[in-house]
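Novice: Here it is, the structure, as structure tokens.
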Amino acid sequence: MSNLNSFIQSLPKAELHLHIEGSLEPEQMFEMAQRNGVTLPYADVAEIRAAYDFNNLQEFLDLYYAGMSVLQTKQDFFDLTYAYLKRVHADNCRHVEIFFDPQGHTERGIAFADVIEGILDGLDQGEADFGISSHLILSFLRHLSEEDAFATLAEAEPYYDRILGVGLDSSEMGHPPSKFARVFAKSRELGLKLFAHAGEEGPPEYVYEALDILDIDRIDHGNRSLEDDVLVQRLVEEEMYLTVCPLSNLKLCVVDDLKNHPLKVMLDAGIKATVNSDDPSYFGGYLNDNYIRTADALNLSKDDIVTLVRNGFEGAYLSPERKELLLSELSKNISASN
Ligand code: HPA
Ligand code: ZN
Numbered sequence: 583m584s585n586l587n588s589f590i591q592s593l594p595k596a597e598l599h600l601h602i603e604g605s606l607e608p609e610q611m612f613e614m615a616q617r618n619g620v621t622l623p624y625a626d627v628a629e630i631r632a633a634y635d636f637n638n639l640q641e642f643l644d645l646y647y648a649g650m651s652v653l654q655t656k657q658d659f660f661d662l663t664y665a666y667l668k669r670v671h672a673d674n675c676r677h678v679e680i681f682f683d684p685q686g687h688t689e690r691g692i693a694f695a696d697v698i699e700g701i702l703d704g705l706d707q708g709e710a711d712f713g714i715s716s717h718l719i720l721s722f723l724r725h726l727s728e729e730d731a732f733a734t735l736a737e738a739e740p741y742y743d744r745i746l747g748v749g750l751d752s753s754e755m756g757h758p759p760s761k762f763a764r765v766f767a768k769s770r771e772l773g774l775k776l777f778a779h780a781g782e783e784g785p786p787e788y789v790y791e792a793l794d795i796l797d798i799d800r801i802d803h804g805n806r807s808l809e810d811d812v813l814v815q816r817l818v819e820e821e822m823y824l825t826v827c828p829l830s831n832l833k834l835c836v837v838d839d840l841k842n843h844p845l846k847v848m849l850d851a852g853i854k855a856t857v858n859s860d861d862p863s864y865f866g867g868y869l870n871d872n873y874i875r876t877a878d879a880l881n882l883s884k885d886d887i888v889t890l891v892r893n894g895f896e897g898a899y900l901s902p903e904r905k906e907l908l909l910s911e912l913s914k915n916i917s918a919s920n
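Dropping the structure here:
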């Protein structure tokens, strides 16, 4: 392993943009299909992997929702979550803030309680076994109506104290943040944090809407903000954190080559960018792969890596004690490598 790669591996890290359903590995998909009597349109794991060749966000989403069909029981959601934490423990990931898409399951007749309780139990077990702290974010599917989002928010009521906030994901074009103005205002009244995917495929105007109309606390992706200098300046001044997902951007053709990924431009502009994996089993890499391949493609320095890792902790919703602990561990790792 190169020097920089082992440095990346050694650092404690956070992951702030991860869809738990997007961590469903083909092997696990097959296993769950078998135990739940679900028929998949693939003969084997190799066929699944071969199908993961996307030209845009929608082509991915079609397979992502189809893949979810194997998730049926509370145990499935537990297993999915636990497997993800076990995997990122190997990447020295110490804190995660993960999305789940309840509407992708309740639409298929799965009980909301089974979904969220399976995931929460998985997070608890992961904390006990791997020392990974975590938060859960309920994401609304933006291709569905705001009324549907309201119904989902109501279903979550018994769990408000166990979720960090709400997010907005799925097909971006044609579904601007303003479509969800009321349900985000209601979520804010409930004391929830607000997140939204914006500027992944959508124009800078969608990022403005996420800021001005939804009043979000953190932007997911945000790549296309760079097309608007005034917006860039605003993101810098407001210290708005962006959860950037390089391998996702590559697989979904948001960038044509990792060498053209805007991560370094973001850092140099003073934007608070973080590195994340989004849907690692579909996009070909977990957290460290995202750091390593991007560092290689963009010639990132050790200082750039440290800034990205530190941004991950600063942009997270950590308790003050936990934040201090992780930042001091980070400092020790940096000193040890010098
Ligand atoms: N973008 C939008 N919706 C999503 C994504 C994404 O990258 N992953 C899972 N749902
Ligand atoms: Zn995402």
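Sequential numbering from 583 applies to the sequence shown in the working numbering.
All C-beta atoms in this analysis are idealised placements derived from N, C-alpha and C, irrespective of residue type, glycine included.
This structure is a prediction, so every number in the text was calculated from the model and none was measured.
#1: Closer than 6 Å by C-beta to G704: which residues in its own chain qualify, once you throw out the five before and the five after it? Chain order, please.
#2: With C-beta atoms as the reference, is L593 less than 8 Å away from G897?
#3: Using 7 Å as the cut-off, classify the Cβ of Y646 as near or not near the heavy atoms of the ligand HPA, replying yes or no.
#4: By the three-class DSSP mapping on this structure, what secondary structure does V748 have?
#5: Taking the beta carbon of G686 as the centre, do at least 16 other beta carbons fall within 10 Å, making it buried, or is it exposed?
#6: Work out the CA separation of V818 and G852 for me, nearest whole Å.
#7: By Cβ distance below 8 Å, which residues in the same chain neighbour C835 in space, the five residues on each side in sequence not counted?
#8: When you compare each of S760, L723, T825 to L796 by their alpha carbons, which one comes out closest?
#9: In three-state terms, what does DSSP make of I853?
#10: So K668 and F722 are in contact, right, with Cβ under 8 Å, and what is the actual spacing, rounded?
#11: Quick check on the DSSP output: what are the complete beta strand (DSSP E) runs of length 3 or more inside the region 791-844, in order along the chain?
#12: Can you tell me where the beta strand (DSSP E) holding H779 begins and where it ends?
#13: Taking the alpha-carbon of E906 as reference, which of K775, G773, D696, R676 has the nearest alpha-carbon?
Specialist: Let's see:
#1: F660, T663, Y664
#2: no
#3: yes
#4: strand
#5: buried
#6: 6 Å
#7: F636, N637, N638
#8: S760
#9: coil
#10: Contact doesn't hold; Cβ gap of about 28 Å is too wide.
#11: 800-803, 823-826
#12: 775-780
#13: R676
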